[in-house]
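Read the structure below first, then the notes.
Number of protein chains: 2
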Amino acid sequence: MSIPSEDQRFGLARRVTLPRPLPLDGGGVLTPVEIGYETYGTLNADGSNAILITHALTGDQHVASVHPITGKPGWWTRMVGPGRPIDPARHFIVCANVIGSCMGSSGPATIDPATGTPWAMRFPVITLRDMVRAQAMLLDHLGVGTLQAVIGGSMGGMQVLEWAATFPDRVRSVVVIASAARHSAQNIAFHEVGRQAIMADPNWQGGCYYGTGDTPAAGLAVARMAAHITYLSEAGLTEKFGRRLQARDAKSFGFDADFQVESYLRHQGISFVERFDANSYLYITRAMDYFDLAEEHGGRLANAFQGTRTRFCVVSFDTDWLYPTAESRMIVHALNAAGAAVSFVELSSPFGHDAFLLDVPELNRVVDGFIRADES
Amino acid sequence: MSIPSEDQRFGLARRVTLPRPLPLDGGGVLTPVEIGYETYGTLNADGSNAILITHALTGDQHVASVHPITGKPGWWTRMVGPGRPIDPARHFIVCANVIGSCMGSSGPATIDPATGTPWAMRFPVITLRDMVRAQAMLLDHLGVGTLQAVIGGSMGGMQVLEWAATFPDRVRSVVVIASAARHSAQNIAFHEVGRQAIMADPNWQGGCYYGTGDTPAAGLAVARMAAHITYLSEAGLTEKFGRRLQARDAKSFGFDADFQVESYLRHQGISFVERFDANSYLYITRAMDYFDLAEEHGGRLANAFQGTRTRFCVVSFDTDWLYPTAESRMIVHALNAAGAAVSFVELSSPFGHDAFLLDVPELNRVVDGFIRADES
């Protein structure tokens, strides 16, 4: 298959400028639309083996290959790779950086050709549906018609739901993991804390920090720290750190990181700012907060799925308090009301929301079984 | 009763300089020890009707009287006042600003006489036990020997536990509400986010912002916003705000506060910085994170209460995820193991941790019954 107008800028993965502007939910269009993406495996002759992986808030297209900045392995090598449920030997796997992000797709850090400078806060506010429409254009470009499956966790799961609702005829099956059909008041509240932390940092400079030599790293680190707490369970934090002190083994009676959990959180904040753009964090959290699939369909979630022939698999984790099982149940009830084929399981894990990224063998079994059912 | 060496500085409530230095858990002493406090009612002839109210992280001595800065009513007028369970007609009620705070008691914002400038970060790191020892010195000063009761919620409840453990012969009964006997990893994590937000604010200036015309207001507001989420239940936030938009009634596709919950949180942050000192927030959160009553007693919580004759009442709220019922149960189990007289109740409330400050009639009935049992 020919892949036109590719380039390898920034040492990132593959990148394409889509041939058309993207109409946006907020009005107007985004143009040009650049998409950074990765693929693994080969599309088969009848084009029936394509699987799209959708990533979470701070994720990227490097689902199963080394991250070009951190040098770390792909973020979902437990799920995607040789011998894994999603296997390049059987599947043509596509993972695209969402628009608004900073790993090759159009976002606030990319150049607006109209001005020759980064978009910064002139980048349009986007929605999860906008992200998904951009992914559909990428698949057009790659010659993928119908997807065997779309699979994602957290914000990835929200995109999966948008895929099923927006392009029902292009997806045979979807897997929604640790996710929700809308952002709750508490979800919005935590994101707002993060945004305020970034915008309170004087180095944010109204978003125009590109090229100034300063970035709102301190604010972004605080945002990441606050968010990171919501990704872990209280019991998991207790098990992992409890009240254990750092190596110095005694309280300092000062403000150093005495407790291991403090040091861990600080590290999470500091390492995050090396790989992520603060403005992208603003835009993507905003898109998530705007997400309410029912609202987009007349206020009734079941309307989003009426008459669908897509098969659904919904997975939640019992210790996930960010998108608790009740949110998954709400999705399942709507799917039932819409007469959709749906299987649902709440898995037990000590890891909280992050469980979808971690070693939960049962998750792999569930996804493997669900994917293979479509192949037999 | 004569009240020596009082003054009315800063337009605050009553204030006293204690006659002796305060030895601190971290080593060294605090001197001078100034205490801002309020009293209501009159100590009876046999001195048997004194009740100490202990306040929470950002609370103060104005438990039942108007706050001198905000002009708002006292923070616990539902519990303390005429016709309330704690009633100045029957009780001599004392409430003192904790040391480390900023409402008249010695803290980082007060003047270190040795230098003539505010302590700032040279103020010693204190513990909850230090706070309680200072309160005991205040009671000495006020001529109060044994307390009929010590009552407090949240960090107030932790001080109550310290009172029972440190001065068992001075307290006939205690009420511990929505609290815990130690700070969990998640509790520490949220506090650390707040501290990092403050210290990341360039206006913090290493804590030496007094008199510079700048304060780390932005960082402190972010800290408050993050903490405030933990004070409310997810269901309470959903009920109060859900995904309702602000008056403009449509998404802005921008970064204004579109959702009511965003606007509410921003208001919580902004109004907090008008009444609270950022360095005090650092010191008091640190004291709370250091709190582990079992650790102070050989690693076994029951040891803290061995042989006590104090009566205990422990109250938790079913939607409190900051100090969940499991933490209260841990206290009750230790009290049972120590052979203490304890009554325990988990109350139902939609308000999360903040329930102890809000309209929960059942809480008033529980406290009223428990207090009166001592008076009959």
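In order, the protein sequence lines correspond to chains A and B.
Number 167 in the working numbering belongs to position 167 of the first sequence; there are no gaps in the numbering.
Numbers given in the working numbering equal positions in the second sequence, counted from 1, plus 1000.
All C-beta atoms, glycine included, are put in the ideal place defined by N, C-alpha and C.
Cutoff 8 Å; reference residue i; Cβ partners in own chain excluding five residues on either side
i	result
D1374 of chain B	Q1148, A1149, R1172, S1173 and R1311
L1138 of chain B	V1016, L1018, I1035, Y1037, V1094 and A1096
M225 of chain A	L265, R266, Q268 and G269
G1028 of chain B	P1124
Short CB-CB distance (under 8 Å) between residue i and chain B
i	result
L161 of chain A	no
S106 of chain A	no
T238 of chain A	yes
E346 of chain A	no
G26 of chain A	yes
F351 of chain A	no
G206 of chain A	no
V222 of chain A	yes
R365 of chain A	no
L147 of chain A	no
V265 of chain A	In the sequence as presented, Val is not what sits at residue 265 of chain A; that position holds Leu. So, interface residue.
F259 of chain A	yes
L12 of chain A	Unreliable positioning characterises L12 of chain A in this predicted model, as indicated by a pLDDT of 40, which lies under 50. The coordinate reading is nonetheless provided below. Cβ-Cβ to chain B under 8 Å: no for L12 of chain A.
Test: residue i CB closer than 8 Å to a CB of chain A
i	result
I1188 of chain B	yes
A1089 of chain B	no
F1356 of chain B	no
Q1196 of chain B	yes
Other residues of its chain near residue i: CB distance less than 7 Å, five sequence neighbours each side excluded
i	result
G206 of chain A	M121
D258 of chain A	L245, Q246, K251 and S252
A1221 of chain B	G1269, I1270, F1272 and V1273
R372 of chain A	none
Closer than 8 Å at the beta carbon, the chain B residues around residue i
i	result
G229 of chain A	Strictly speaking, residue 229 of chain A in this sequence is Ile, with Gly absent from that position. Result: Q1186, A1189, F1190 and V1193.
R286 of chain A	F1255
Within chain B, the residues that residue i reaches when beta carbons sit closer than 9 Å
i	result
V273 of chain A	Under the 9 Å cutoff, chain B gives no residues; its nearest Cβ is about 11 Å from V273 of chain A.
R243 of chain A	R1182, H1183, S1184, A1185, I1188, D1289, D1292 and E1295
V125 of chain A	K1251, S1252, F1253, G1254 and F1255
Chain-ordered neighbours of residue i on chain A, where CB pairs are closer than 7 Å
i	result
P1202 of chain B	P202
E1234 of chain B	S184 and Q186
E1262 of chain B	I188 and E192
L1282 of chain B	F255
6 Å CB neighbourhood of residue i in its chain, flanking five on each side removed
i	result
I3 of chain A	Residue placement at I3 of chain A cannot be trusted, given a pLDDT of 35 that sits under 50; what the coordinates show is reported in the next sentence. Nothing meets the Cβ criterion.
F1123 of chain B	P1108
E327 of chain A	A180
D1289 of chain B	H1183, I1188 and H1191
G1083 of chain B	none
D1201 of chain B	P1216, A1218 and G1219
T1117 of chain B	none
F1356 of chain B	G1153, I1177 and A1178
H1228 of chain B	Q1268
CA nearest to the CA of residue i, picked from the options
i	options	result
R102 of chain A	A:W163, A:D318, A:S328 and A:D277	Note that residue 102 of chain A corresponds to Cys in the displayed sequence, not to Arg. Checked all of A:W163, A:D318, A:S328 and A:D277; the closest Cα to C102 of chain A is A:D277.
S1343 of chain B	B:E1327, B:V1366, B:F1305 and B:P1032	B:V1366
S348 of chain A	A:A340, A:D359, A:A197 and A:A341	A:D359
N43 of chain A	A:L24, A:M288, A:G28 and A:F92	Inspection of the sequence shows that residue 43 of chain A is occupied by Leu rather than by Asn. Looking at the Cα atoms, A:F92 is the closest of the given residues.
I1331 of chain B	B:Q1135, B:R1020, B:C1313 and B:K1240	B:C1313
E239 of chain A	A:T127, A:G100, A:P350 and A:W119	A:P350
W1119 of chain B	B:A1334, B:G1028, B:N1279 and B:E1346	B:N1279
D1025 of chain B	A:S263, A:H191 and A:G254	A:G254
G1059 of chain B	B:P1082, B:I1051, B:W1076 and B:G1071	B:W1076
A1045 of chain B	B:V1063, B:T1146 and B:P1032	B:T1146
N1303 of chain B	B:N1336, B:L1282, B:P1324 and B:R1286	B:N1336
A1178 of chain B	B:E1296, B:T1166, B:R1195 and B:Q1159	B:Q1159
R1307 of chain B	B:A1334, B:G1152, B:S1065 and B:I1053	Correcting the residue identity first, residue 1307 of chain B is Gly in this sequence and not Arg. When each option's Cα is compared against that of G1307 of chain B, the closest is B:A1334.
A165 of chain A	A:V193, A:L293, A:H353 and A:F317	A:L293
Interface flag, residue i vs chain C, CB-CB below 8 Å
i	result
V176 of chain A	Included in the structure are the protein chains A and B, with no chain C among them.
Contacts that residue i makes with chain A (C-beta to C-beta distance below 9 Å)
i	result
Q1135 of chain B	The premise fails here: Q1135 of chain B is roughly 20 Å from chain A at the closest Cβ pair, so nothing lies under 9 Å.
A1165 of chain B	Within 9 Å Cβ-Cβ: nothing; A1165 of chain B doesn't reach chain A, min ~18 Å.
F1276 of chain B	Correct list: empty, because the minimum Cβ distance to chain A is about 16 Å.
Contact set between residue i and chain B, taken where Cβ atoms lie within less than 7 Å
i	result
A218 of chain A	A1200
A226 of chain A	V1193 and A1226
- Message: Could you tell me which whole alpha helix (DSSP H) segments of length 4 or greater appear in the stretch 98-162 of chain A?
- Response: Counting only runs of at least 4 residues, the stretch 98-162 of chain A fully encloses the following alpha helix (DSSP H) elements, listed from N- to C-terminal order: 128-142.
- Starting from the N-terminal side, write out each stretch of the alpha helix (DSSP H) that is 4 residues or longer and does not extend beyond the stretch 1273-1326 of chain B. List check, alpha helix (DSSP H) in window: 1278-1290.
- Task: Scan the stretch 335-360 of chain A and note each continuous alpha helix (DSSP H) run of 4 residues or more that stays entirely inside, going in chain order.
- Result: Taken in chain order, no unbroken stretch of alpha helix (DSSP H) lies wholly in the stretch 335-360 of chain A with a span of 4 residues or more.
- Enumerated in chain order, which unbroken segments of the alpha helix (DSSP H) with a length of 4 residues or greater are wholly contained in the stretch 1215-1263 of chain B? Fully enclosed alpha helix (DSSP H) runs of 4 or longer: 1217-1231 and 1234-1240.
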